[in-house]
Structures are given as C-alpha cells and as structure tokens.
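Here's the structure we're looking at; comments come further down.
Protein chains: 2
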Amino acid sequence: MNAQPSDVFLATQALSADVTRPIAGSRKVYVQGSRPDLQVPMREVQLADTPKMFGADKNAPFTVYDTSGPYTDPAADIDLTAGLAALRAQWIAERGDTEQLATLSSQFGLKRAADPKLAEVRFPGERRPLRAKAGMNVSQMHYAKRGIITPEMEYIAIRENQKLEAIREAHLLKQHPGEDFGAHLPKLITPEFVRDEVARGRAIIPNNINHPESEPMIIGRNFLVKINANIGNSAVTSSIAEEVEKMVWAIRWGADTVMDLSTGKHIHETREWILRNSPVPIGTVPIYQALEKVDGRAEELTWEIFRDTLIEQAEQGVDYFTIHAGVRLPYIPLTAKRVTGIVSRGGSIMAKWCLAHHKESFLYTHFEEICEIMKAYDVAFSLGDGLRPGSIADANDRAQFAELETLGELTQIAWKHDVQTMIEGPGHVPMQLIKENMDKQLRECGEAPFYTLGPLTTDIAPGYDHITSAIGAAMIGWYGTAMLCYVTPKEHLGLPNKQDVRDGIVTYKIAAHAADLAKGHPAAQARDNALSKARFEFRWQDQFNLGLDPEKAKEFHDETLPKEAHKQAHFCSMCGPNFCSMKITQDVRDFAAEKGLNEDEALAKGMEEKAAEFRAKGAEVYQPE
Amino acid sequence: MNAQPSDVFLATQALSADVTRPIAGSRKVYVQGSRPDLQVPMREVQLADTPKMFGADKNAPFTVYDTSGPYTDPAADIDLTAGLAALRAQWIAERGDTEQLATLSSQFGLKRAADPKLAEVRFPGERRPLRAKAGMNVSQMHYAKRGIITPEMEYIAIRENQKLEAIREAHLLKQHPGEDFGAHLPKLITPEFVRDEVARGRAIIPNNINHPESEPMIIGRNFLVKINANIGNSAVTSSIAEEVEKMVWAIRWGADTVMDLSTGKHIHETREWILRNSPVPIGTVPIYQALEKVDGRAEELTWEIFRDTLIEQAEQGVDYFTIHAGVRLPYIPLTAKRVTGIVSRGGSIMAKWCLAHHKESFLYTHFEEICEIMKAYDVAFSLGDGLRPGSIADANDRAQFAELETLGELTQIAWKHDVQTMIEGPGHVPMQLIKENMDKQLRECGEAPFYTLGPLTTDIAPGYDHITSAIGAAMIGWYGTAMLCYVTPKEHLGLPNKQDVRDGIVTYKIAAHAADLAKGHPAAQARDNALSKARFEFRWQDQFNLGLDPEKAKEFHDETLPKEAHKQAHFCSMCGPNFCSMKITQDVRDFAAEKGLNEDEALAKGMEEKAAEFRAKGAEVYQPE
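Line by line, the protein sequences give chains A and B.
Oh and the first sequence: position 54 is 54 in UniProt numbering, straight run, nothing missing.
Oh and the second sequence: position 271 is 271 in UniProt numbering, straight run, nothing missing.
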C-alpha cells in the first residue's frame, strides 16, 4: 500500500534554491561509453579567449570531475518522492545473478514498514529489494577476479580520465613529476586497469545492488583521491528534509561519498529518503542504529540484533558499512592510560559491550557471517578504527596498531569471500608520525584502500579543525590514502550547519587535489595550469569558474572591487592599478618575446638598443581600460 | 614644532572594543629577568580542577607565548598619540654606541616633517632619531659575535621557554620524539644559546634602535616557528586609524611580526603611527614607497631615491627591510616562459627598471652601501624572493633558484658587515617539491633563517588560499623554515578585512605549531596535552581557553548547546547524551583502574567476575547532571 508523506513534509520536500541553483560558470556534460545507457557525467567550464595583448589564445573548455548528480542538470526532472532514475538497474538485471524478494528480510524492516504511525515520514512506495540468488556472489570484486569488466568499471574509467586526452594538449604543457611512493598512476585509466585494481583489492567500487541510482565511483590509491562528507541527525537536532538537503548540498560541493551517521529519530526512514535520492555511495555505521534499538544500553546489544540491522540496511541499499570488528577484548585495557581514551563512538560502544560480557566482540567472532551478508548485496566493508587516537598524545600507540593488525587479518577473510574492503584510519597524528601509519597500513592490510579522518596535526585549534586536519589529510593522501573523511570547523564542538559542511568539503577537495598533484596524477596539474593562466591574463571570471568554489571567489573579489568593469581590470584591490606585478610582468614578457630572446640570447646580444626601444614604447605600468 | 592631529583623526584614534577586550580565559603575566626593567610578557590560562569522577587533579595554570603587547594588559595605560613605553631605550643607551641626531637625515623625511598640509595626519611630537656613532656597528649580530649577551637576548631566552620548567611536570607526561631534520632544539633556551645562534647567523633579532617600544623576539630554525601578518593600505582603500587598528588586531591573534605594505596615501605617516604603537617588529618593502615618490614610474627610480628611503624608514624605526637584490638583469628573461611570470610586486618593479636601463639592479650593485646603512640602525635584511613562483607550474624553476643562489652570495656580504639577514621564499610549490626548497636554501644561504609565503600547494582554490598554503607552510616549517608569512582567504582576490586577518593568523598559528610539534620542540606538545585532557574531562571552558581562538570555539559550541548548564555537559550536540564516546571511555578507564588492571593482568585474571560487577554498578552511559 502506498504511504503518503504528511503535509508538513511535502511542504518542505522541495529542495532550497541554495542547492539547486546552477553551478556558476560550468555546465553538465555527459560522455557516452560503449552502450547508450552508459553516460558519464562531468562538468565543463567554458573559458574566454586570451586577451589580444597576452597572445589571443583560444582556450579550450576545461572538464572537471562532477559529484553533484542530476541536481545540477537543468534538463533533469527532480522529484524527491520518486527518487532518482535507477541508472544501474539494467546492468544489474543483465548479470542474471539476483532475484527480487517478495518481502523485506529483516524483522525490523518489516516492523517499520507495517507501522501506521510512520506513514508521514516513510518514503513512498513499497520496496522489494534484490538479493543474490542462492550460492551467487554479486560483489564487483567477485566479477573482477573472474576477469569480467562490468559496465560500472567502464563508467569509472571514463569518469577518472576526465577527458584527459582533450585537455592534455591544451593545459598540460607543464607537469612536474610526482613522488608516488610506489603507487601506479597510468597516463590513461582503462576499464581493464579498473578491473585489475578491484580484483587485487587495491580499489573498491561501493555500489549495493539495491542502490541502482548511484553513479559508479572508485576508491583506491591509484585513482583520484576521494573525499567523504558526513550528514545525519542527532537527538538534539535536524529533520529528514534537512538531511536530504544536506546530502544534495554536500555532493554539490564535491563529496564523493556521503555517510549518514544519524543517531536521532527515524534513522531508518531518513536513510531511505537519502538513498533513493543519492547519486553517490552512502555509508553507515550500523552499530548506531542497533544501539538505538536497545535504547542506548550497549550491554544489551546482541549479534542477532546487529545481524538484522545489517540486512535491514543492506536491503535499503547502503553501499558500505563501518564495522568496528577490530575492537577486540584484549585491546581495550590498552586504552586505559590514554589522554583521550576511545573517541570513536562505535569503538566505545563495542568496548562497553565487551567489558560488560567478558567476551570477545561479536563483530569479530561473527565476521564470516557478516561476509555472507555483504556478498549477497555487494556492500563493502569499511573496517572501523574504533581505537584511533583522539589526541596527539595517543597517536601511534599500541591500542591503535593492535587494531590495525587485526583489520589486516580480517581483510584477508573478507577477500576470501570477495567482499570489497577498505580500512579506516586516524585521527590525531603529528606530522612526523603520519608516514608510519601509511606504511604500516599498506603492509598489514595487503594494500586495501585506506580511508582516514584527517588526521589532525595538532589539538590546539577547536573551531579550525578542518584546517588542522587538512594538513594531515593532504600528507597522508600524498603517501597513498585513497579517501579522506572530511572534518568541519565544528569538530569537537557540535553539529555542523550548511556553511560548515561547505567549508569542510572545499577544504578536503583542496587536500585531495594537493595529494593528486604531489603524487603526479597525470590529470591533476592541468587545472592549476588553466586557472593560473586565467589569473595571469586577468580573465577573472575564468579564474573564479575554474576554482573549487566559484561563488566565494567572486564574492571575495567583489567585496572591494564590485563593478562589472573590474572584471576586466588588470589589477585588484590588493595593489591597485599602479602596482600590479602581473601587469609589469607582461611588459617583461612582451619585451623578451618581441625580440625573440631566450636567456642566452639576451645575455649575448647586449641589450642597450633594446632598452632604448622599451623606453620609447612608453613602458606604461598598465593599459588604459 | 608639535603638530596636532586633526579632529577627525582624534575621533577615530581610540581603538575599537574588538581589539581591546580582554582575551578570554587568560591573563597577562610577566616573568622578570636579571634586572627590574626586563619583564617578559606571557599569558597564563587558569584551569579548573579535574572533576572528581575523572580523578580530581589540580590542574596547574598553563603559560602561552604572547604577542599581543600592552593592549591586553588591563593595567596598561594606552594612548595612541603618545605611543608605547620605550622599554628598550635604557638598554640601547647603556651600550653607549649610539648618538641622537639633531635632525632627520633623509631629505624626504625632512620634507614631510616640514609640510603643513600633513599636520592632520602626523604622529605628534618631533622625532630625533638615534644612529650609531661613527665607526660603530649596533646590530645584535655584532654584539653576539663579540661574545656579548645583550638584555634583548636574555629577554628572548625567557620568552622562548614559556616557563617550560613549570609546565613540564604538569603537562609533558607524553611527548613524541620529533623529526628535526638536523635542527637543534635544546630542552631549555639559555641567553648564551641565543647569542650563539645570532652570532652564527642562524637566527635574527629584528629590533631597530629607533624602535625601542618593541618586545624582543627571535626568528630562527632552533626556536619556535614564527608568523608574520601583513597590513597596509592601497590606493583603493583604508585609513591610518584602520591600519593601526589592524596592527593591534593582528598581534592580538598571534602575529609575531607585522609588515606594513602600504602603497596608498601617507605611507610615511601611517608607518610612524604603527611603529610608535607596535610591540612587535615591523617590516617594510622600501621599494614600494620609493616607487610612490616617482609616481609609479619604475624606470625613474634611482639609487639615490632608494637610499634616501632606506634612511627615512630606518630613522623611523623599521626593524627589517625586504630588498629584492636578487632580481638580477640576466635572470629576468628566465621568467618569460612562466605561466604567471613575476608575481612579486618588488620583483616586477626591479625587473622593469633593469629592462628600461639595460643595467644590473642598483640594489645588487649598491648592496654594500645598503649594509652600511643597515648596521648603523640595526635593521635586518629580508632578502626578497622577487622571482618566486606564483603558480604550481613555475615552482622550482631556474629563475627562482638563480635568485636563491644570489641571495646566498649576498648573505655572506651582509654577514661581513654583521648585518642580520633572513631569506624570503616561495610561493606556490606542490608538496613533493617543498623539501628541495628547504635543503637548497640551507645549503646556499649558510643556514640563514628562511621566511616563506606559504607555500600554496595548489592553485585551484581562490577564496581558500589560507588553507592551500597552510599545508605547505606546516610542512616547510617542519623542514626548518623559521618564519611563515600568512596568507588570508582574500589572497589573489582583494584586500583582507579584519575577519580575513583573523582567519589568516589563526591558520598560520596552526601551521607553526604543527611544525613545532613535528620537530619535537620540547614545549610544544604540552599545550595539545593540556587541551585534550580538558576535552576528555568535559572541562569545556578550559578546552576553549587553551585553544588558539577561545572566542570562536565557545561560539561554535554554543550554536547548538547554548545554555550555561551545557558547559558542564558530558556530551555535545554532535552525539547527544547517549552516544558520547568519551563518556563511555571513562567507564572503561574506571573499570581498568579500579581493578588495578594493566593489559597483561586483564588477560591473565579472567574477567568474568569483573564483568558481573560492572553490570551491577549500573553501567550508565552518562551521569545525571
């Protein structure tokens, strides 16, 4: 029976103008793959011609990776109550290894679906989830190991290339060699390369068969560094409509995946609305909802409750689960002398359970049963770092590394089942201790992708932890971390608002890109080059549009030089018209070019004659507008 | 004759409440040295007792380094028209090597002083500057090389120690060894150590004999990493009163030095007001004012105009000059093929002059004469990086490194004259190329202190360049850079406002501290430990007060949990009361401690009995308020 959301919810279910206005200066484009239903979204930034005085180049449009989904496609028809198009449904069906269930499998799911009081908040329509046929394994790793290149893998290869071939000539005239610490970054990503990385476990494609709306993406050291943003309500704040809006806002700014960390009301229903409307993979921490089911009393958790929660969430379509299976009973006392103990919510929940029962963690003891569930839906593991350090003092201690070793052991078990797996990481780590984390994780976990929270490089700046952690995140991304979980300015202080989410995301896009550059990713420097060329040529609008946040760049510029004429100005308010060094530089360049000078010629020829000419030409510091 | 500032200026010369309100949670303290007039300011943060449930520790007050000057001392009497107390005047006089001049030495200075139209904006009083007696050299390096420990050196030793001895027991229980890349960071700084570092040229004490109001500080690899903030008007904006306010605002947030980069009106008078009221060293770029004197026509600059400008500014009390003596004629064509050419204002001015005259830079050819001026007043060199890269593409190119080599050559000449010298550095540098900059600078410049602008680790985020550069700044600080020049969110876009200045400074305090931590500076980790302990114990106010920006931390916390009762709350809005992992951790800790467990005992004893006890105690997730 179709449930109707309440009038209150309907009134708020239109997304705000904030998240639906066009992204300034770029448009959605699609690159088609080998079949018509394989259309990979990107954004294309149109660039103005170089002004005549600088050489009158035609500047080719610049393509950038795009996480914003159909929300920024003016041609798309958005209806939150219907959800996004199930773009992968046909690919999944063609594999012939899934069946549609008659009803939900989880007891909790059934209970929620039958509860009339939830009609107001329930996503419309009755959902009949898919599951692997008996004996089948539907994970991308399973296909990859059998040499199968799925449409998802092809989509990813196109997406990761960002039309590299086209931009290479235009923008990649200068590219510094990177230092990749042993990573392998090919000049062009092929579907076969994607398959191979997934087969080896060095990359994961998080996409549950019950989340066919997702645009495939990859997390791995040999691909672009990705970022995750967290959303979710707590007991103290936030509604379903706000969470959906937050998700759309987060992907607009560049979140590659989103984790729904709700701990408040209607966790199940909130998640459904988000999944049906999310073009990016969605992660969760199932133990949070399990804890809600026992009214917050960790000691009352059971394997059965947890198992049912996994199935409930897998049948909704969650793409990856954070599971703290490394918080083992003998490790817990290792945290007793820490300055900040256990800061992971999931980790502390499991620690409490273990102490209360004097038993090994049920996540650890039932790990293979968890694998059986994961492989039936293609949910990926994010093996949680429940014992991560929450302060500089606790960095790299025995508790943290004992857990990491166990995560390595569990990775091998997961891979036996072809369950895709990534490893979560710290935390708070001073700069000189960061590399040790990366090296140890590569060794212990068989190069499974690393997914860190920062790390924060100092504790002393609450209110600015997006910055304390951007430093560590950029470095650990450079060393090989595949995905960076964002940190907002509100870290340690409260729940982030929309502004905080934007600040956190743009900050982490910076860290991820700085890492790509340092690794020598072949496409990375093209964007820096294109933007700097625009800057040098005073193509202000292009400079803004090529940036990670075109709106803010323009807003900041206009604070002191708001007139439209200033967008042609060959100066900004920093120096004013007489002092702009880039304008002076152009004179230098003209001079050298005009005479066909290179450095040796300039020295050899003697420049007296040229100096006279230069003065005669007026040598004005700037041209009249 | 005493000039009277106009009524308009008098009306605005009171500093705003913004910059004079007390710094939350700490108070000014002074540590006396070997003489009563040697009082070193610091700030002391009072800490609450640890709540009983966490152990009831008495938490000793924590001392932090303080750049804010008398403005944050409630006992100080501030009168901007009188300037600050000349705290070093007696020390300078006792050295007996200076004489007070009858009039100003610079032509421009005399002209300004006599101009009745400037009466409104002139700092009150007639200034008679000091200068070294004939044949004397008054630089701190000169004294240091002769084995003399000046009061300035003693002051610095006390200041750098931050009362280490007192906090070490309380807070330094955990300290990770650093990676210092060959730096030498003694456990305690002595005046003799300061003298030795200055004698070797590895550190500088920027303090002009005509700026006796300054609180001595040191810039060097083996001391705390310092930061600089830029202020100054441009043709397009800003008044004298605003610039003074900006200086007071900048030092409040932690700027160790301030550069006045004014390019607009009344550069001379603005600088006088700033110097008379600044407790931190002031730097300038004299070529800017020289250019103003020739109405912006770089080709009309002459050595004589520049020389007069140096003397004018030295007699006002400028503590260091940025001088682009490394922008040599043969290097200029090396920039022709760059993506962003010459981005340094001073560098492009000199490039223009060289091309116009077909001559070697007069800064380079007259360098020894410049040294003669510097040593007569103890002005330090900041040898400018006029050819620094302004884009990722241009990083570490021939132009940049050719200039660095020349700066090394000039450093040796400066040291021949005992003129204190630091070297400016980049710029825009991707992470994998940063260390090369540090290593080359150490080699070429005899370990003279390095003073970098960032570097920015990517070009793609205008609006966020405080962050793109914080990453590079933290890293290059770790590698050995002595001072970091801040970058604000307005970089590349316009002139920063007060909010931008605050954001830039706090960001750079983060980078500097992260560097100190990574180097293993003995005092650094104490603050992280103290803050994290406060955080773990839910001493919210202490957590805020120990942070770099107590006001923002409190404001952010209160956005979602504003009530005063919440400052006792053992949770925040992120997780709400049932989920706070730190609360759960305390249960773990109590449990382990109560039973006198260490990790081995816990394993050996078998925990069944203890588990039963734990459950019997109620194991509540949080305590009632």
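Note that beta-carbon positions come from the ideal geometry of N, C-alpha and C, so glycine has one too.
Residue i - containing beta strand (DSSP E), residue span
i: residue 631 (chain B); result: The structure shown does not extend to residue 631 (chain B), since chain B spans only 1 to 625, so no value can be given for it.
i: LEU383 (chain A); result: 380-383
i: ILE323 (chain B); result: 320-323
7 Å Cβ shell around residue i - same chain, five flanking residues per side excluded
i: ALA17 (chain B); result: none
i: THR50 (chain B); result: ALA56, ASP57, ASN59, GLU537
i: THR20 (chain B); result: TYR71
i: PRO279 (chain B); result: GLY69, PRO70, LEU84, GLU213, SER214, GLU215, ILE251
The alpha helix (DSSP H) enclosing residue i, as first and last residue numbers
i: GLN46 (chain A); result: Per DSSP, GLN46 (chain A) belongs to no alpha helix (DSSP H) and is neither H nor E.
i: ASN161 (chain A); result: 151-161
i: THR20 (chain B); result: 17-20
i: SER348 (chain A); result: 345-357
i: TYR377 (chain A); result: 367-377
i: VAL244 (chain B); result: 240-253
i: PHE306 (chain A); result: 303-316
i: THR270 (chain A); result: 267-276
Three-state secondary structure (DSSP) of residue i
i: ARG27 (chain B); result: strand
i: GLY220 (chain B); result: strand
i: PRO389 (chain A); result: coil
i: PRO41 (chain A); result: strand
i: VAL64 (chain B); result: strand
i: ALA203 (chain A); result: strand
i: PRO333 (chain B); result: helix
i: PRO212 (chain A); result: coil
i: LEU495 (chain A); result: coil
i: ILE342 (chain A); result: coil
i: TYR71 (chain A); result: helix
i: LEU363 (chain B); result: helix
i: PRO489 (chain A); result: coil
i: LEU185 (chain B); result: coil
i: ASP394 (chain A); result: helix
Cβ neighbours of residue i in the same chain (closer than 8 Å, five flanking residues each side left out)
i: SER234 (chain B); result: SER262, THR263, GLY264, LEU495
i: GLU599 (chain B); result: With a pLDDT of 45 at GLU599 (chain B), under the threshold of 50, the predicted position of this residue should be treated as unreliable, though the coordinate-derived value follows. Nothing listed; no residue qualifies.
i: ASN228 (chain B); result: ALA255, ASP256, THR257, VAL258, MET259, GLY283, TYR451, MET483, LEU484, CYS485, TYR486
i: GLU300 (chain A); result: VAL294
i: GLY33 (chain B); result: GLN39, VAL40, PRO151, GLU154, TYR155, ILE158
i: GLU243 (chain B); result: ILE231, GLY232, ASN233, ASP260, SER262, THR270, TRP273, ILE274
i: LEU101 (chain B); result: ARG128, PRO129, LEU130, ARG131, GLU315
i: MET431 (chain B); result: THR457, ILE471, GLY472, MET475
i: TRP478 (chain B); result: GLU179, PHE181, ALA514, ALA515, ALA518, LYS519
According to DSSP, residues forming a beta bridge with residue i
i: LYS226 (chain B); result: B:MET483
i: PRO177 (chain B); result: According to DSSP, PRO177 (chain B) bridges with nothing at all.
i: MET259 (chain A); result: A:ASN230, A:GLY283
i: LEU456 (chain B); result: B:HIS428
i: GLN32 (chain A); result: A:GLN39
Contacting residues, own chain, Cβ-Cβ under 6 Å from residue i (five flanking each side not counted)
i: ILE156 (chain B); result: VAL194, PRO216, ILE218
i: PHE223 (chain A); result: GLU160
heavy atom of the ligand MN below 6 Å from residue i C-beta
i: LYS519 (chain B); result: Looking at this structure, you won't find the ligand MN or any other ligand, since it has none at all.
Continuous beta strand (DSSP E) assignments of at least 3 residues falling wholly in the region 405-453 of chain A: 421-425, 450-453
Contained alpha helix (DSSP H) runs [length at least 4] in the region 80-145 of chain B, N- to C-terminal order: 89-94, 107-114, 140-145
Alpha helix (DSSP H) segments (min. 4 residues) lying fully within the region 514-573 of chain A: Unbroken alpha helix (DSSP H) runs of no fewer than 4 residues, entirely contained in the region 514-573 of chain A, are found at 524-536, 540-546, 550-560, following chain order.
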